[in-house]
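All residue numbers for the sequence shown refer to UniProt numbering, where the first residue is 1 and numbers rise by one.
Each residue gets a CB set at the ideal place from its N, CA and C atoms; glycine is no exception.
I have placed the structure first, in the form of structure tokens, so that the comments after it can refer back to it.
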Amino acid sequence: MSLLMCGKANIRSSDLILNLLKHITMNGVNLSLILTFSFMIVVSEAIKSSKLNNTQQHLQMDEKGCSYLVIIKTSCSSPFNIAIGEMDIVFGDAHGNQIYVPHLDGAFEDCSAHTYEIYAPCIFQICRVYLYWIGDAAWILDTLIIHNYLYLPVTFYYNTYIPNGGPYGFDYCN
Numbered sequence: 001m002s003l004l005m006c007g008k009a010n011i012r013s014s015d016l017i018l019n020l021l022k023h024i025t026m027n028g029v030n031l032s033l034i035l036t037f038s039f040m041i042v043v044s045e046a047i048k049s050s051k052l053n054n055t056q057q058h059l060q061m062d063e064k065g066c067s068y069l070v071i072i073k074t075s076c077s078s079p080f081n082i083a084i085g086e087m088d089i090v091f092g093d094a095h096g097n098q099i100y101v102p103h104l105d106g107a108f109e110d111c112s113a114h115t116y117e118i119y120a121p122c123i124f125q126i127c128r129v130y131l132y133w134i135g136d137a138a139w140i141l142d143t144l145i146i147h148n149y150l151y152l153p154v155t156f157y158y159n160t161y162i163p164n165g166g167p168y169g170f171d172y173c174n
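Right, dumping it as structure tokens:
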């Protein structure tokens, strides 16, 4: 019982072993079982915390909303090396909740990824996205990926020209 309490108090495993050796007089078998058990606890905790990917650790949720990570990947096959303009994105869930992200400015170069962190109200699993483009000549959008704090990331495969106007997108909510 005291072994678990020490583990939760963030005492280093070496301190735990020294304390056990000082305060417990047992035969060799019981002591080796305790040492093995404490080693298993330390190892399992380290593996458990390394399972989170960097994006999940970075995204946050609080009482006012959630953060989202939007990644726009351009194709290597666009007719122009760069397209300069402004993009608006609307994404939502199957319950009708939508998040409007206006004015993502930028120079969208071929073969590149552009990342935007968005802070907005929390919604359920994202299943629809639409974008509006105002800017230079047509360019090819490869994928649009949205990471949501509460759910797995969703990828929308465009792989098509994006002319001026819109909306251009997908609705997989049904």
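Beta-carbon spacing of residue i, residue j below 8 Å
i, j, result
"residue 175", "A138", "With the chain covering 1 to 174 only, the question about residue 175 has no answer from this structure."
"D110", "S75", "yes"
"G166", "R128", "no"
"I89", "A120", "no"
"E117", "L150", "no"
"D171", "Y158", "no"
"I140", "P153", "no"
"F124", "A94", "yes"
Residue nearest to residue i in terms of C-alpha spacing, selected from the options
i, options, result
"Y161", "L131, P102, V101", "L131"
"I134", "I140, P153, N164", "N164"
"G65", "H147, C122, A107, I140", "C122"
"G96", "E86, I82, I126, I140", "I126"
"F108", "I71, G92, C173", "I71"
"V101", "S67, N174, F156, C173", "S67"
"P79", "H147, F156, C173, D136", "D136"
"N174", "M87, G92, T155, G85", "G92"
For residue i, the first and last residue of its enclosing beta strand (DSSP E)
i, result
"L131", "126 to 135"
"H114", "113 to 120"
"I82", "82 to 93"
"I140", "139 to 148"
"D105", "98 to 109"
"L69", "65 to 74"
"P167", "165 to 171"
"I123", "Note, I123: premise wrong, no beta strand (DSSP E); not H, not E."
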